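Numbering (full-length UniProt numbering), first residue to last: 1 to 295.
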């Protein structure tokens with residue numbers, strides 16, 4: 001089991017817990033030589049989300065922070081509005097069901113019928129008009145220092161996580177300047193983003209000066225969700241899709257990918273960048289904490 005040094009974790013409000021019960025299990029198999037080996041594998045379990053009396057979706061998830069996942073999913077699908085008052089969020093562990101209750105009466109029968117399966121892991125699902133609301137997005141012209149990006153990449157990549165413990169998982173981190181605040185993981189990058197959105201909605205945290213970091217690809221859905229959340233910067237150690245870049249440019253989102261060591265590529269929103277650190281002074285990434293860049 002990984003240790004969790006205070007100097008790495010002190011910035012986080014929520015950090016991964018690789019040793020949490022039910023998130024992984026030990027499985028015995030054989031390796032390439034035929035020898036018996038035992039490894040940790042990530043758990044998957046269904047979570048059915050209700051909005052008031054209506055069943056909305058069943059998502060496959062690792063099972064942590066189900067309340068944040070449910071609220072964030074509904075928020076990112078446009079089913080929870082800015083002015084909605086959430087009266088209760090009820091989670092039943094035995095039934096694996098979350099019910100989000102609001103003061104406003106809701107009905108999304110038509111929207112639930114119309115859905116698009118998106119690219120990526122865990123079959124991300126988007127309901128209705130994927131681009132709805134993007135034309136109204138105005139992202140703040142906040143400053144982004146390259147020194148913050150380098151510091152965040154180092155802190156996040158050295159944080160003990162389920163990824164480093166068992167792999168087969170994605171991480172998303174909400175950050176402020178060079179400080180990582182909330183680090184969520186899940187089998188789908190979409191779920192991890194929704195957990196962040198749910199935490200922000202429940203805790204009343206604003207998006208104006210935040211950075212969203214993901215270990216996954218910068219796809220169209222990741223760009224759309226980030227923009228609709230009002231976060232002006234999206235960063236990843238992985239690559240881009242063409243549609244993701246096109247949408248990012250349309251909405252003025254700063255989109256930075258392929259962040260490895262001293263290297264990164266900015267394909268939109270470069271006007272926010274302040275290059276305040278010489279890349280030659282940034283150390284290369286340690287092999288011990290190096291992650292795959294294609295997930």
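The C-beta atom is built at its ideal place from N, Cα and C for all residues, glycine as well. For clarity, every value in this text was computed on a predicted model and none was experimentally measured.
What three-state label does DSSP hand residue i in the structure shown?
i, result
"residue 209", "coil"
"residue 233", "strand"
"residue 61", "strand"
"residue 165", "helix"
"residue 272", "helix"
"residue 112", "helix"
"residue 146", "helix"
"residue 139", "coil"
"residue 134", "helix"
"residue 180", "strand"
"residue 157", "helix"
"residue 80", "coil"
"residue 9", "helix"
"residue 118", "Reliability fails at residue 118, whose pLDDT of 46 lies under 50, so the model's placement of it is uncertain and the value that follows must be treated cautiously. The answer is coil: DSSP assigns residue 118 none of H, G, I, E or B."
Taking the continuous beta strand (DSSP E) assigned at residue i, which residues delimit it?
i, result
"residue 247", "Premise fails: residue 247 lies in the alpha helix (DSSP H), 242 to 251, not in any beta strand (DSSP E)."
"residue 91", "86 to 92"
"residue 259", "254 to 260"
"residue 21", "Taken as a continuous stretch (DSSP letters only), residue 21 belongs to no beta strand (DSSP E), as it is neither H nor E."
"residue 98", "97 to 102"
Kindly indicate the opening and closing residues of the alpha helix (DSSP H) around residue i.
i, result
"residue 196", "189 to 203"
"residue 75", "66 to 76"
"residue 222", "220 to 228"
Just list the residues that DSSP pairs residue i with in beta bridges.
i, result
"residue 186", "170"
"residue 32", "In DSSP, residue 32 forms no bridge with anything."
"residue 47", "59"
"residue 37", "29"
"residue 106", "According to DSSP, which records beta bridges pairwise, residue 106 is partnered with nothing at all."
"residue 282", "Answer by DSSP bridge pairing: none, since residue 282 is not bridged."
"residue 263", "260"
"residue 214", "172 and 236"
Just to confirm my understanding: we take residue i, look at its own chain, exclude 5 residues before and 5 after, and list those with CB closer than 6 Å. What are they?
i, result
"residue 194", "69, 72, 73 and 76"
"residue 200", "none"
"residue 11", "179 and 180"
"residue 140", "208 and 232"
"residue 31", "37"
"residue 284", "261"
"residue 91", "66, 67 and 98"
"residue 15", "9 and 183"
Could you pull out every residue in the same chain whose Cβ sits closer than 7 Å to the Cβ of residue i, ignoring the five residues on either side in sequence?
i, result
"residue 223", "234, 244, 247, 248, 253 and 255"
"residue 84", "102 and 104"
"residue 276", "145, 146 and 147"
"residue 78", "132 and 133"
"residue 210", "174, 175, 176 and 231"
"residue 89", "67, 70, 71, 98 and 100"
"residue 268", "245, 248, 249, 253, 254 and 255"
Within a Cβ cutoff of 8 Å, which residues of the same chain sit near residue i, ignoring the five residues on either side of it in sequence?
i, result
"residue 52", "99, 100, 101, 102, 105 and 106"
"residue 23", "17, 42, 43, 62, 63, 64 and 162"
"residue 187", "42, 44, 60, 61, 62, 121, 122, 168, 169 and 170"
Handout entry: Three CB pairs or more closer than 8 Å across the segment 152 to 164 and the segment 242 to 251
Key = no
Exercise for the section: Decide if the segment 86 to 98 is in contact with the segment 33 to 51; the criterion is three or more beta carbon pairs, one per stretch, under 8 Å apart. Expected result: yes
Practice task
Specify whether the segment 162 to 170 and the segment 27 to 35 touch according to this definition: at least 3 beta carbon pairs, one from each stretch, less than 8 Å apart.
Solution key: no
Exercise for the section: Check whether the segment 237 to 247 touches the segment 216 to 224, taking contact to mean three or more Cβ pairs, one atom from each stretch, closer than 8 Å. Expected result: yes
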